[in-house]
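Asker: Dropping the structure in here first, questions after.
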Amino acid sequence: MIFTENVFFSAILCLIITLLCSYYFKKKNILLDEINYSKHKKLNFNNSYKPPLCGGVIVYISSLIFFSNGLILLKIFGLAILIIGVFSDINKISSPKVRILLQILSVLLFVIFSDLRITDLRIDLFNELLDINYVSIIFTVFCLLILLNGSNFLDGLNTLVIGYYILVSVILILISSKFDLVINQNIFYFLIFLIIIFLFNFFGKIYLGDSGSYLISFFTAFFLLDFIITNTFVSPYFICFLLWYPAFENLFTILRRILFSNKIHKADQNHLHQMIFKFFLKNKLINRKYTNTFTANIINLFNFTVFILFYKYFLFTKFLVLAILFNLFVYLICYLYFKKKLNHF
0 MIFTENVFFS AILCLIITLL CSYYFKKKNI LLDEINYSKH KKLNFNNSYK
50 PPLCGGVIVY ISSLIFFSNG LILLKIFGLA ILIIGVFSDI NKISSPKVRI
100 LLQILSVLLF VIFSDLRITD LRIDLFNELL DINYVSIIFT VFCLLILLNG
150 SNFLDGLNTL VIGYYILVSV ILILISSKFD LVINQNIFYF LIFLIIIFLF
200 NFFGKIYLGD SGSYLISFFT AFFLLDFIIT NTFVSPYFIC FLLWYPAFEN
250 LFTILRRILF SNKIHKADQN HLHQMIFKFF LKNKLINRKY TNTFTANIIN
300 LFNFTVFILF YKYFLFTKFL VLAILFNLFV YLICYLYFKK KLNHF
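In case it helps, numbering that gives the first Met the number 0 puts the sequence shown at residues 0 to 344.
In structure tokens, the structure reads:
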């Protein structure tokens, strides 16, 4: 009963924080989404509203209030990640190299001080390497950076990133409840924050921005690492399974740009979600006003289906690897299909 009251109270307070932040940033004309506003104007969209990029700010303020005192390091370094994202959103850190260096520093210090490290890959040779302290630290930092920046690549459609991490959080809560596993209770509050912001993001009233995508993926990574370290019998590939999409989006983008002799840090419109969006838009399969959100939810529906089919195999590395390979296969097939279709226009 007490927990239910806390959940209800946190939802109400997060809703109030969301409304206040949205109003404040609009009134002060700061952290507004000028880029998508310009795109909408060019496409003659009726909705040329400038949503504030305050999703990350809302999550962080809410976490300060509701996350337990035991997560002080998460709050401190979460603030660093948030600030990097905010400065990126307002174009004060326009250099990708500077941004990645600041991310490396923040994530590295967090991993060292929190001692949350990946030390088991179920392969003896790799585990021997990960037994070396600095190797496991470097590997964990690398994984977190892939996740943070992969999530940022996905943040081009309403609800895609926020919806994806809602699914990840729900699956984590589901298996902990169903199979009596230990889970950090703060994830329940985190899920509430995400759901509230999802509703606003669904209707295009607020956006995550770099700050939001960085912070949400950073918090999610913490809860997953904590879960794997606490429940040592759970396969580490369960994390890979849950985070395959943003991680592979980042790795595939890097390889694609290297292959076609493009600058790795130079933004493009060739991500899978962007091609699906353009395909729906050009074929006029749905009202252009709703194409953005519709595309995001189609992608998340696929991920939801795969999560439901395979989540019970959280102990079995072979099944999880199979699920990951299946996801990568579907991604590549879809990428080639939509790329070919768009070239016909």
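Yeah, the Cβ is synthetic: ideal placement off N, Cα and C, and Gly gets one too.
Predicted, not measured: the structure shown is a model, and the values here were computed from it.
(1) Quick check on this structure: which residue in K339, I131 and N261 has the alpha carbon closest to the alpha carbon of I275?
(2) Would you report the Cα separation of E248 and L101, rounded to the nearest angstrom?
(3) Quick one: Cα of N148 to Cα of N286, how far?
(4) Do Y206 and F66 count as a contact pair if the criterion is CB distance below 8 angstroms?
(5) Pull up the CB-CB distance for V140 and L107, whole angstroms please, since I reckon it's below 8 angstroms.
(6) For L198, which of Q273, I323, L159 and L144 has the nearest alpha-carbon?
(7) Am I right that I215 and V58 are in contact with their C-beta atoms under 8 angstroms? What's the rounded C-beta distance?
(8) Quick check on the DSSP output: the alpha helix (DSSP H) that includes C142 runs from which residue to which?
(9) Rounded to whole angstroms, what is the Cα-Cα separation between A220 and S234?
(10) Are I80 and F201 close, meaning C-beta to C-beta below 8 angstroms?
(11) In this structure, how does DSSP classify P345 when only helix, strand and coil are distinguished?
(12) For the putative contact between L319 and F237, defined by C-beta atoms under 8 angstroms, what is the C-beta separation to the nearest angstrom?
(13) Going by the beta-carbon positions, is the gap between L166 and F306 smaller than 8 angstroms?
(14) Tell whether a beta-carbon distance below 8 angstroms holds between N157 and G203.
(15) Does the Cβ of D123 have 16 or more other Cβ atoms within 10 Å, making it buried, or fewer, making it exposed?
(16) Relative to the alpha-carbon of L242, which residue among A295, I174 and I145 has its alpha-carbon at the smallest distance?
Answerer: Taking the coordinates as given:
(1) K339
(2) 21 angstroms
(3) 31 angstroms
(4) no
(5) 5 angstroms
(6) L159
(7) 6 angstroms
(8) N132 to L153
(9) 15 angstroms
(10) no
(11) A query on residue 345 cannot be resolved here, the shown segment of the chain reaching from 0 to 344 and no further.
(12) 6 angstroms
(13) yes
(14) yes
(15) exposed
(16) I145
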